[in-house]
Structure formats: structure tokens, C-alpha cells
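Trainee: Residue numbers (the numbering used here): 13 to 228.
Where is the CB? At the ideal position from N, CA and C, for every residue including glycine.
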Ligand code: HEC
Ligand code: HEC
């Protein structure tokens, strides 16, 4: 625990979640955290992973977060994301169709059953609430881009996804913007249809779409 000074000069205690903690310690930290963190970021009733992937699951937390809230700026939420979608992404990252310097070493050398066990486990967890609020000024641009791009046809009405189609609602805003720009500028090459779709969307409108989806 450390004391941080807020912008208005008040002081506040903040919990530092270590990258790796002994399960017992983690449990204690979670209990301490209850008093001042929103309940959604506290790891409650999280089912234990199958033993054969337990160590890998620990390692994912250094970027994707101990309680599903990403700690690396560009890392997406993977807790509660669609299982089959995530499996395809991990295969695409392994094969280099989706370039990621951070993720490539993580999945290198993992076999299919391990990848399947990882995505089945993470998809079974509860999606965390980051509490992002879309600024008023983004709605008009985002809604017209969403109609033009027919986002809801595939990502569904609430943008919560389905099987092969990822959930966007409430996703990390930095990640959303980066990944749409990656499609547009052909850095994420595993979905050519989306590259075509985003090619016609201005960078500013992509920013609005990201903030719109993150606030859903
Ligand atoms: C060093 C940081 C880091 C670690 C460790 C890490 N990830 Fe990631 N992960 C990322 C980043 C950053 C991205 C986004 C990559 C991009 O921009 O294309 C990502 C993307 C993903 C995606 C794609 C999600 C989506 O919405 O498309 C999945 C699935 C994933 N990671 C699973 C895992 C699993 C499972 C582990 C542990 C075995 C893990 N990651 C460990 C940083 C990390
Ligand atoms: C024809 C169906 C379809 C439409 C229309 C569509 N998407 Fe998608 N979207 C997908 C699929 C399938 C994926 C996963 C592609 C992959 O494997 O990379 C995806 C991926 C994404 C991702 C990456 C999510 C992640 O976790 O990495 C974002 C962001 C996204 N779409 C936003 C949008 C927005 C915004 C619109 C509307 C402007 C839109 N999509 C329209 C099917 C669609």
C-alpha cells in the first residue's frame, strides 16, 4: 500500500498489486482492497484454472491484470471475451498473421490443447467493468460511423459479440483505438474484411468509435 497525492491535493491510499503474488497473499490483498476499490476490480469467487495451465495463467496477469483489468496500456480485457475468437487470435499471433511483439513470445511453443485450455478458462471469467464514460461530443460521429459500418450486425446490438465475433462493449479504450488503426493501416492482417471496412473511416472517427464502444 502507498499513499498517493490526488490532483486536488488530497492524499489517498492506493493498493499496489504485485505482478506475481502467492495465492494466499493475493487473497489477503483482495480482502484489504474491498474497502476502497470498486467491487468489479476485486478478484472475488474467481474459479481456479486447471492445474496444467495455472502457471501460464499467472503470467498473463502481468499485462492483462490480476482481476481482469489490464495493467499494460494497450492490453485488451480477456476475462469474459469470446472463447473461439480468442483461440483464433492466439493461433494468428503464433503464425504471425497478427503481429504483436508483446504477445508473440507468450504463445510461441504452446500447443493447441494448451491454447484451447487458456481461452476456455479466460472466457469463463467475469468481464470486468472499467467504468469508462463516453464523452458527449463523440456520440454523433460514432453513431453515424456505426450505422455506415454496420457494426451491430456482427457485434450484436449491445456490442457484446458472439463466438467468433469479439465483444467490444466496455473494452480498454486505448486498445480499441490502436487495434482499429492496426486494421486500417494493415498492421493487423488477420481480418482483411475489417481492413477494408476501416480504410474508409477517418482516424478521428475511429477514435470516437473506440470511446463509444468502451463506454457501452
Ligand atoms: C507482456 C504483456 C502481455 C502478456 C504477458 C500477455 N499478453 Fe496477451 N496481449 C498483450 C497485448 C499488448 C495485446 C494486444 C496485441 C495487439 O495489439 O495486437 C494482447 C492480446 C491478447 C489477446 C487478443 C485479445 C483480443 O481482443 O483480440 C489474447 C486472447 C491474449 N492476449 C491472451 C493472453 C494470454 C492467454 C496470456 C498468458 C498466457 C497473455 N495474453 C499474456 C499483452 C500481453
Ligand atoms: C461482417 C461482420 C462485422 C462487421 C460489419 C464489423 N465487424 Fe468488427 N469484427 C468482426 C470480426 C469477425 C472480428 C474479429 C476479426 C479477427 O479475427 O481479427 C472483428 C473485430 C473487431 C475489432 C477487434 C476487437 C478485438 O478485441 O481485438 C474491433 C475493435 C471491431 N471489430 C470494431 C468494429 C466496428 C467499430 C465496426 C463498425 C464500424 C465493426 N467492427 C464492424 C466482424 C465485424
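When the Cα atoms are used, what is the spatial distance from residue 103 to residue 146?
Mentor: Approximately 33 Å between the Cα atoms of the pair.
Trainee: Do you know offhand how far residue 153's Cα is from residue 220's?
Mentor: One C-alpha to the other measures close to 7 Å.
Trainee: Can you tell which of 128, 110, 73 has its C-alpha closest to the C-alpha of residue 197?
Mentor: With distances taken between Cα atoms, residue 197 lies closest to 110.
Trainee: Would you say the beta carbon of residue 100 comes nearer than 7 Å to a heavy atom of ligand 2?
Mentor: At least one heavy atom of ligand 2 is nearer than 7 Å to the Cβ of residue 100, so yes.
Trainee: Alpha carbon to alpha carbon, what distance is there between residue 183 and residue 140?
Mentor: Rounded to whole angstroms, residue 140 to residue 183 spans 9 Å at the Cα level.
Trainee: Express the C-alpha separation of residue 88 and residue 49 in angstroms, rounding to a whole number.
Mentor: Since pLDDT at residue 49 reaches only 43, below the 50 mark, its modelled position is unreliable, and no value is offered.
Trainee: Let me check one thing: in DSSP terms, what residues is residue 95 bridge-paired to?
Mentor: Note: residue 95 sits in no beta bridge, so no partner.
Trainee: Using the Cα positions of residue 226 and residue 133, report the straight-line distance between them to the nearest angstrom.
Mentor: For residue 226 and residue 133, the distance between alpha carbons rounds to 23 Å.
Trainee: Sort 94, 126, 121, 80 by Cα distance to residue 107 and report the nearest one.
Mentor: Among 94, 126, 121, 80, the Cα nearest to that of residue 107 is on 121.
Trainee: Between the alpha carbons of residue 161 and residue 208, how many angstroms are there, rounded?
Mentor: The alpha-carbon atoms of residue 161 and residue 208 are separated by roughly 11 Å.
Trainee: Under the criterion of a Cβ to heavy atom distance below 7 Å, does residue 87 qualify as lining ligand 1?
Mentor: At least one heavy atom of ligand 1 is nearer than 7 Å to the Cβ of residue 87, so yes.
Trainee: Could you pull the start and end residues of the alpha helix (DSSP H) that residue 231 belongs to?
Mentor: Here the chain has residues from 13 to 228 only, and residue 231 is not among them.
Trainee: Can you tell me where the alpha helix (DSSP H) with residue 154 in it begins and where it stops?
Mentor: Start and end: 151 to 160.
Trainee: Distance check for residue 90 and residue 138, CA to CA, integer angstroms please.
Mentor: Spanning the two alpha carbons is a distance of roughly 10 Å.
Trainee: Does DSSP put residue 200 in a helix, a strand or coil?
Mentor: The answer is strand: DSSP assigns residue 200 an E or B state.
Trainee: Ligand 1 and residue 197: does any heavy atom of the ligand fall closer than 7 Å to the residue's C-beta?
Mentor: For ligand 1, not one heavy atom lies less than 7 Å from the Cβ of residue 197.
Trainee: With burial defined as no fewer than 16 other Cβ atoms inside 10 Å of the residue's Cβ, what is the status of residue 61: buried or exposed?
Mentor: With 16 or more Cβ atoms within 10 Å of its Cβ, residue 61 is classed as buried.
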